[in-house]
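Q: Protein chains in written order, with this note's numbering: chain A, 50 to 227; chain B, 989 to 1271; chain C, 12 to 275.
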Amino acid sequence: MKKMSYVKLSIITAVSIALCVVLPMAFHSIPNAGSIILPMHIPVLLCGLICGPFFGLLAGLAGPLLSNLFTGMPPAAFLPQMMIELAVYGLICGLMMKMIRTKKVFVDLYISLIVSIIIGRVVAGIAKALIFAPGNFTMAVWTTSYFVTGWPGIVIQLVLIPAVVFALMKAKLIPERY
Amino acid sequence: MQITIDNLSYTYTDPSGQTVHALQSVSCSIDPGDFTGIIGRTGCGKTTLILLIAGLLTPTKGHIFLDGRDINDKSYDRNLLRQSIGVVFQYPEVQLFETTVEKDVAFGLTYSRLGSKEKEDRIEWALETMGFDFEKIRKQSPLALSGGEKRRVAIAGVLAVKPKILIFDEPIAGLDPYGRQNFMELVSRLNDDGTTIIMISHNMDALAEYTKRLIVLDEGKVIQSGKTRDIFLGWGRDTRGTEPQQIASLISKGKNTLLDDVVTYDDLIFALKKQLLGVEQHE
Amino acid sequence: MNKLLAGRYLVGNSLLHRLDGRVKIICLLILIALVIGSRSVSSYAISVSAVCMIVLLSKLPPAYVLGPVGRLWLFFITIFLMNALFFDTLNPLYSWWIFHPSVAGIKQGFSVVVHVVLVLILSSVLTMTTSPTEVTTALESLIKPLKLIGVPTEDVAMIISIAIQFIPTLLEETEAIKMAQIARGARFESKKLKERAFSVFPLVIPIFLSAFKRADELSLAMEARGYRNAKKRTKRKKEPLSSKDYIALCICVALCLVQFLLLR
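#1: If you drop the 5 nearest sequence neighbours on each side, which residues of the same chain put their C-beta closer than 7 Å to that of residue 19/C?
#2: Does the separation of the CB atoms of residue 204/A and residue 135/A fall below 8 Å?
#3: Might you give, ordered along the chain, the residues of its own chain that have their beta carbon closer than 6 Å to the beta carbon of residue 143/A, omitting 5 neighbours on each side?
#4: Going along chain C, which residues have a C-beta under 9 Å from residue 1070/B?
#5: What residues from chain B crowd round residue 220/C, counting only those whose CB sits closer than 9 Å?
#6: Determine contact between the stretch 1181-1197 of chain B and the stretch 997-1016 of chain B, defined as no fewer than three beta-carbon pairs at a distance below 8 Å.
#7: How big is the Cα-Cα spacing for residue 1146/B and residue 1031/B?
#8: Would residue 1074/B and residue 1154/B qualify as a contact pair, given that the criterion is a beta-carbon distance under 8 Å?
#9: Thinking just about the alpha-carbon of each residue, which of 1136/B, 1014/B, 1142/B and 1180/B is nearest to the one in residue 1165/B?
#10: Under DSSP, the beta strand (DSSP E) around residue 1017/B begins and ends at which residues?
#11: In chain B, what lies closer than 7 Å to residue 93/C by C-beta?
#12: Need the endpoints of the alpha helix (DSSP H) that residue 1190/B sits in, please.
#13: Between the stretch 188-201 of chain C and the stretch 1035-1053 of chain B, can you find at least three pairs of beta-carbon atoms closer than 8 Å?
#14: Return the CA-CA distance between residue 236/C and residue 56/A, expressed in angstroms with no decimal places.
#15: Specify, as a first and last residue, the run of the beta strand (DSSP E) that residue 1215/B falls within.
#16: So if I threshold CB-CB distances at 8 Å, which residues from the stretch 1147-1166 of chain B count as touching chain C?
#17: What three-state label does DSSP hand residue 152/C in the structure shown?
#18: With contact counted as at least three CB pairs below 8 Å, one residue from each stretch, are the stretch 1083-1094 of chain B and the stretch 1126-1143 of chain B in contact?
#19: In chain B, which residues lie less than 7 Å from residue 219/A when you measure between Cβ atoms?
#20: Does the distance from the C-beta atom of residue 141/A to that of residue 168/A stay below 8 Å?
#21: Taking the alpha-carbon positions, what's the residue 214/A to residue 139/A distance?
#22: Rounded to a whole number of angstroms, what is the C-alpha to C-alpha distance between residue 59/C and residue 119/A?
#23: What residue ranges within the stretch 56-139 of chain C form continuous alpha helix (DSSP H) runs of no fewer than 4 residues, ordered along the chain?
#24: Residue range of the beta strand (DSSP E) that residue 1075/B falls in?
#25: Looking at the structure shown, is residue 202/A part of a helix, part of a strand, or coil, going by DSSP?
#26: Closer than 9 Å by beta-carbon distance: list the chain B residues that pair up with residue 223/C, in chain order.
#27: Taking residue 257/C as the reference, give the member of 128/C, 33/C and 159/C with the closest Cα.
#28: Go ahead and label residue 151/A buried or exposed: buried means 16 or more other beta carbons lie within 10 angstroms of its beta carbon, across all protein chains shown.
#29: Cβ closer than 8 Å: which chain C residues qualify as neighbours of residue 1064/B?
#30: Using the Cβ count rule (16 or more neighbours within 10 Å means buried), how would you classify residue 1198/B?
#31: Decide yes or no for the touch test of the stretch 59-69 of chain C against the stretch 148-161 of chain C: beta carbon pairs closer than 8 Å, at least 3 of them.
#32: Since residue 47/C is in the alpha helix (DSSP H), which residue starts that stretch and which ends it?
#33: Assuming residue 128/A contacts residue 113/A (C-beta within less than 8 Å), just tell me the rounded distance between them.
#34: Can you name, in chain order, every residue of its own chain whose Cβ lies under 6 Å from the Cβ of residue 1239/B, other than the five neighbours on each side?
#35: Taking the alpha carbon of residue 91/C as the reference point, which residue from 116/C, 107/C and 68/C has its own alpha carbon closest?
#36: For residue 1067/B, I'd like the list of residues in its chain whose CB is within less than 8 Å of its CB, leaving aside the five on either flank, ordered along the chain.
Right under this line is the structure:
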C-alpha cells in the first residue's frame, strides 16, 4: 500500500476540519437531516480512518471548536463533550485501522467504525453525565439515552462513510489499502 | 415549451452584509426550439438568471412562465419542472457520485414515471449520444474515468431525462478545440431535434456560429436581445465582436470593403475569396 | 468583515476587546474554575458578580450575550430534572416508579444550571469580543508547551490556519453541488425518513471528492516548493502583553484565592 506524505495527511486533516464547519451549515437548510446524520461526525471519522490516530484526534478536537467559533454550533454548553466524543472517534478509528488487517477493506472499515463509535458514545455519555448530572444513576441514564436516540444516525454513517472511502479510492485521491 | 420572463428581479444579501441586486426588472422570452446564448461580463447576473429559470432560486419580484404557467406558483408541479428543464453547470463532473456509470446517469430518472426497460433505453441513448459504447461503459465507476469522460457522463445524466429545455453554464470552458467542436455539434443536433437550448458562454466564436438569438446582460439588466448576427454586426468594429470580425477589421484598414457582414470564420473566408478571387456566391 | 469568518464576533472597542487573546483564554479558564467551585452562598455571589462585571466591561448588548442561554431553555429544564429526580435515590422526598425527587437533587439541579449558565455567558463574551482568527492564534501560542511532550505544535497551527482558509471555498462548492443535484431531481425535503436519509449520498460524496481533490492539489503544490513540515514557517511577530493584560490576570487569580479561602 502506498503511503501518503506527511504534508498530504496534514492538508487532508485541514480539509476535514473545514468540513466539520461547512457540512452542518449545508444541512442546516435541510430540515431534520442534521440531527439524523450528525454531519460533524463524518469528516472526523473519515480523517481518522484515512490519516491515522494523531490526525484523527486533531480533527476531532479542532473541528467542533472551529465550528463553534465560526457558526456558534455546537453551543458552548455542548462543546466539551462534542470535542471529547469526536476526539475519541478520530483516535480510535485511526488506531483500529492501524491494528486491523483483514485483507478486506470493507471489514477493516466496519470494525474500526463500530468500535470507535461505541467507545466514543460511551465516553461522551460519561462526560456529559459528569459535567451536567453527576451521580451513579444519572450516568447510566445519560449513556443509554444517548445510544438509543442516536442509532438511525449511526446506521447511516456506517453505510455512508465506507461509500465515501471507496469513492475516494476509485477517484485515486487516496491510495488503495491493499 | 415557451419561456416568458416578466419583470424579474433578484436581490440578496451577501456575506459582508451588502445588498446585491443580481437582476433588475429583466423581461424577455425564449421560444420553443430556440438556441439562445446569454452573454455578459462576469458577475452581471447570467448564472442567477438561469438558476431562476430552472426554478432553483425564487425571484424577489416578477414571474417566470413556462407555457403560460407561473413556475413559482404553489400549485406548479416541481417534479414536472425538473423533468422539463435540464441544467448542466460548469464543471458538471463534480456531481458524479454513484458506483457505476449506469446508476449515475439513472439518478435523474429516479422520480420519472418510467418503467425499468424504458429507463435502460434512455440511459443507453444518453450515453451513446455522448460518444460512449454503452456495454463497455455502463458498469465502470464514473469516478475512475478521465476528466473528459467524466464530463460526458455528467452531461449524459442530464440528457437521459430528455428535458424540453437544456441550459448550459459555460460548457466549453476548459475543453480543447476538438472537444469544443464535438460539443457544439452535439448541442446543435439536439436543437435540430426540437430541444430549446440556453447557453451561457464567453466564447464569441462558438456563439456566433451556433446560436440563433442572444441575450446580453450587464449589471443585472438586459441591454440587448435579438438575433445573433444582428447583435454581433452591431459590434463589428468593437473588441466585443467575434474573432473573424476582428481579423476582417484588421485586414480592412485602409479599404472598407472586407468587414461588411463578417461574423463567423465561414463569413471571413468568403469575404476574402470575394475580395481576392472575385467569388460571388457564399456557400 | 465577512460575516461568516467573523463568527459571533461583534466589533467594538471595550476593555475586553483590547485585551490579548491569550490572556482572555487563560482568564476564561480561571473564571470557569471560579464558577464551578462555587458552593456556598457567598461564593455564588462572587461568581455571579464577577460574570456581571465582565458583561458590563465588554459593552456588549445584554440581549445578544444572553441569546445563546435563552435558546437552550429546554436543555436547562432537562438537566435540572435529571438531577432533581435521579440524584439522591436514598433520601427521596417522594418515590414513584423510577423517579426519586430529593432536596439534595433539587439543590444539585439548581447549582448545575447556574454553573452552566454562567460558563455559557463567559464563553459567549469571549467569542463576542475576540475574532475567530485571534482566538486560533492565541490557542496556537498557548499549546506551544505541548512541544515538550512531542506534539508538533507548528504543524497543528498550520493545519488549523489552512482549515480556516478552506471554509469559504468549501462552502461555495457545497452550495454549487447542492444546486446541481437538486436540478437533477434530488429530494432533500421528502417526508419519508428513508428517502431523506439516502438523499444525503448525492450531496456528501461529491463534497468529499471535491474537498479531497483540493487537498491533493494543495499538497502537491506545497511539496513541489520543497515544503516538508512547518518548522521553518515564518512566524508572526508576537505582541508583548500590556499592563491591562497583567492586571486582568491578577484580578482573576485574586478572585479565585478569595473563593478558595472562603471555602475553608
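Virtual Cβ for every residue (Gly too), placed ideally from N, Cα, C.
A: Here's the rundown:
#1: The residue given as residue 19/C occupies position 8 in the third sequence. Answer for residue 19/C: 138 and 139, listed in chain order.
#2: Within the first sequence, residue 204/A is the residue found at index 155, counting from 1. Within the first sequence, residue 135/A is the residue found at index 86, counting from 1. No, the pair does not count as a contact, with Cβ atoms beyond the cut-off.
#3: For the purposes of this step, residue 143/A is taken as residue 94 along the first sequence, with counting starting at 1. These residues qualify, in order along the chain: 97, 101, 102 and 105.
#4: For the purposes of this step, residue 1070/B is identified with residue 82 of the second sequence, where counting begins at 1. 193, 194, 195 and 196, listed in chain order.
#5: One-based indexing of the third sequence puts residue 220/C at position 209. Residues of chain B passing the Cβ test: 1082, 1084, 1085 and 1131.
#6: no
#7: For this step, residue 1146/B is matched to residue 158 along the second sequence. For this step, residue 1031/B is matched to residue 43 along the second sequence. If you take the alpha carbons of residue 1146/B and residue 1031/B, they lie about 26 Å apart.
#8: Working through the second sequence from its first residue, we reach residue 1074/B at position 86. Working through the second sequence from its first residue, we reach residue 1154/B at position 166. Yes.
#9: The count along the second sequence starts at 1 and reaches residue 1165/B at position 177. Residue 1165/B has its Cα closest to that of 1136/B, out of 1136/B, 1014/B, 1142/B and 1180/B.
#10: Locating residue 1017/B in the second sequence gives position 29, where the first residue counts as 1. It spans 1007-1018 - the beta strand (DSSP E) in which residue 1017/B sits, taken as one unbroken run.
#11: As a working note, residue 93/C is residue 82 in the third sequence. Within chain B, no residue comes near residue 93/C; the closest Cβ sits about 40 Å away, beyond 7 Å.
#12: For the purposes of this step, residue 1190/B is identified with residue 202 of the second sequence, where counting begins at 1. Run containing residue 1190/B: none; DSSP gives neither H nor E here.
#13: yes
#14: Counting from 1 along the third sequence, the entry for residue 236/C is found at position 225. Counting from 1 along the first sequence, the entry for residue 56/A is found at position 7. One C-alpha to the other measures close to 12 Å.
#15: Working through the second sequence from its first residue, we reach residue 1215/B at position 227. Segment 1209-1215, the beta strand (DSSP E) holding residue 1215/B.
#16: 1149
#17: Indexing the third sequence from 1 puts residue 152/C at position 141. Residue 152/C falls in the helix class under three-state DSSP.
#18: yes
#19: Along the first sequence, read from residue 1 onward, the residue named residue 219/A stands at position 170. Near residue 219/A (Cβ distances below 7 Å), the residues of chain B are 1129, 1131 and 1132.
#20: Start at 1 with the first residue of the first sequence, and residue 141/A comes out as number 92. Start at 1 with the first residue of the first sequence, and residue 168/A comes out as number 119. Cβ atoms of residue 141/A and residue 168/A: closer than 8 Å.
#21: The count along the first sequence starts at 1 and reaches residue 214/A at position 165. The count along the first sequence starts at 1 and reaches residue 139/A at position 90. The alpha-carbon atoms of residue 214/A and residue 139/A are separated by roughly 15 Å.
#22: Counting from one through the third sequence, the residue named residue 59/C turns up at place 48. Counting from one through the first sequence, the residue named residue 119/A turns up at place 70. Their backbone Cα atoms lie some 27 Å apart in a straight line.
#23: 73-82 and 84-97
#24: Along the second sequence, one-based indexing puts residue 1075/B at 87. Start and end: 1073-1076.
#25: Within the first sequence, the letter at position 153 stands for residue 202/A. Residue state, collapsed to three classes: helix.
#26: The sequence position of residue 223/C within the third sequence is 212, counting from 1. Those within 9 Å of residue 223/C in chain B number zero; the least Cβ separation is about 11 Å.
#27: Counting from 1 along the third sequence, the entry for residue 257/C is found at position 246. The option with the nearest alpha carbon to residue 257/C is 33/C.
#28: By one-based count along the first sequence, residue 151/A stands at place 102. By the 10 Å Cβ count, residue 151/A comes out exposed.
#29: Taking the first residue of the second sequence as 1, we reach residue 1064/B at position 76. Residues of chain C passing the Cβ test: none, with the nearest at roughly 15 Å.
#30: Position 210 of the second sequence, counted from the first residue, corresponds to residue 1198/B. When all chains shown are included, residue 1198/B counts as buried.
#31: no
#32: By one-based count along the third sequence, residue 47/C stands at place 36. First-last of the alpha helix (DSSP H) with residue 47/C: 32-47.
#33: The sequence position of residue 128/A within the first sequence is 79, counting from 1. The sequence position of residue 113/A within the first sequence is 64, counting from 1. Yes, they are in contact, since the Cβ atoms of residue 128/A and residue 113/A sit about 6 Å apart, within 8 Å.
#34: Counting from one through the second sequence, the residue named residue 1239/B turns up at place 251. Correct list, in chain order: 1246.
#35: Looking up residue 91/C in the third sequence gives position 80. Of the candidates 116/C, 107/C and 68/C, the one whose C-alpha sits nearest the C-alpha of residue 91/C is 116/C.
#36: Residue mapping note: residue 1067/B aligns to position 79 of the second sequence, counting from 1. Counting only Cβ-Cβ distances below 8 Å, and skipping sequence neighbours, we find 1099.
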